[in-house]
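Structure, as structure tokens:
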Amino acid sequence: MLKMLNQPAEKDERYYHAYLSHHSISRRGLFRGVLGSAEKTFSVKSVRSVPRPPFAAKEELFLTACTGCGDCVKACELGLIQLENQKAILDLSYASCTLCGKCAEHCSTNALHLAFNADTELRPQFNSNCLYHRQQPCTDCQQACPQQAISANLSVDNERCNGCGECQLACFMSAIQLNLTPLAA
């Protein structure tokens with residue numbers, strides 16, 4: 312089941328139900344979309360400024376939907392989810408995320424939903440403490456990665472990486488920092 316959760320979610324009926332439960336489409340907007348009106352509307356895309364739990368909706372939808380109820384905080388058995396400014400954030404400083412999906416299962420507002428991508432958008436960055444950069448043998452982060460997203464030269468495959476944080480925990484030199492890397496929609 313973990314393998315299935317790490318795959319990008321197909322946009323099925325559950326996805327659109329979750330999406331449409333937070334968006335409304337006016338008749339005018341529907342006809343503009345169908346008829347291809349010459350008038351273009353531009354929306355401002357929000358980029359994540361803090362890590363969100365896996366299965367989080369796109370940031371603008373998440374900020375609208377998340378009420379800060381704390382159900383996801385209670386559901387996370389590892390205590391990785393906290394509330395900051397009444398919104399759920401993910402803290403992987405002392406444990407990695409198993410992507411179990413319990414946070415999404417307990418989210419009553421669908422800000423977290425199993426139909427959304429199981430990716431935290433956190434990616435490892437290797438600093439100068441890394442033994443590989445010091446020409447010393449070490450493959451701990453590569454071996455710890457359940458997605459096999461870290462290559463021998465420490466490049467990260469963003470398609471495979473789900474931001475779980477296993478690599479950071481495996482590095483005994485504290486040479487890995489997880490940074491937000493917004494992914495293409």
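According to the numbering used here, the sequence shown holds residues 312 to 496 in order. No residue lacks a Cβ here, since even glycine has one placed at the ideal position from N, Cα and C.
- Task: May I ask which residues mark the beginning and end of the alpha helix (DSSP H) holding E395?
- Result: Run containing E395: none in the alpha helix (DSSP H); it sits in the beta strand (DSSP E), I392 to E395.
- Task: Apply the 10 Å Cβ neighbour rule to E470 and answer buried if 16 or more other Cβ atoms are within range, or exposed otherwise.
- Result: So E470 counts as exposed.
- R434 beta carbon less than 8 Å from that of L489: Taking 8 Å as the Cβ cut-off, L489 and R434 qualify as a contacting pair.
- Query: So who's on the other strand from R541, going by DSSP bridges?
  - Reply: The structure shown has nothing for residue 541, since the chain only spans 312 to 496.
- Can you name the start and end residues of the alpha helix (DSSP H) that K385 belongs to? D382 to A386
- Query: Just how far apart, CA to CA, sit L394 and I400?
  - Reply: 6 Å
- Quick one: any contact between the segment 433-453 and the segment 479-486, if contact means 3 or more CB pairs under 8 Å? yes
- In three-state DSSP terms, what is R359? coil
- Apply the 10 Å Cβ neighbour rule to E388 and answer buried if 16 or more other Cβ atoms are within range, or exposed otherwise. The C-beta of E388 has fewer than 16 other C-beta atoms within 10 Å across all chains shown, which makes the residue exposed.
- Task: For S407, count neighbouring Cβ atoms within 10 angstroms of its own Cβ and tell me buried if that reaches 16, exposed if not.
- Result: Counting C-beta atoms within 10 angstroms of its own C-beta, S407 has 16 or more neighbours from the protein chains shown and is therefore classed as buried.
- Delimiting residues of the alpha helix (DSSP H) encompassing Q479: E477 to A481
- Looking only at DSSP bridge pairs, what is Q454 linked to? Note: Q454 sits in no beta bridge, so no partner.
- For the segment 375-384 against the segment 419-436, are there 3 or more C-beta pairs whose distance is under 8 Å? yes
- Task: Give every residue of the same chain whose Cβ lies closer than 6 Å to the Cβ of Q397, excluding the five residues on either side of it in the sequence, and list them in chain order.
- Result: G379
- Query: What did DSSP end up calling R434 once you bin it into helix, strand or coil?
  - Reply: strand
- Is the beta carbon of C441 less than 8 Å from the beta carbon of A486? Yes, these two residues count as a Cβ contact at 8 Å.
- Message: On a Cα-Cα basis, can you pick out the residue from F437, K413, G412 and F427 that is closest to I461?
- Response: F437
- Item | First through last residue of the alpha helix (DSSP H) which encompasses A376 | DSSP places A376 in the uninterrupted alpha helix (DSSP H) bounded by E370 to A376.
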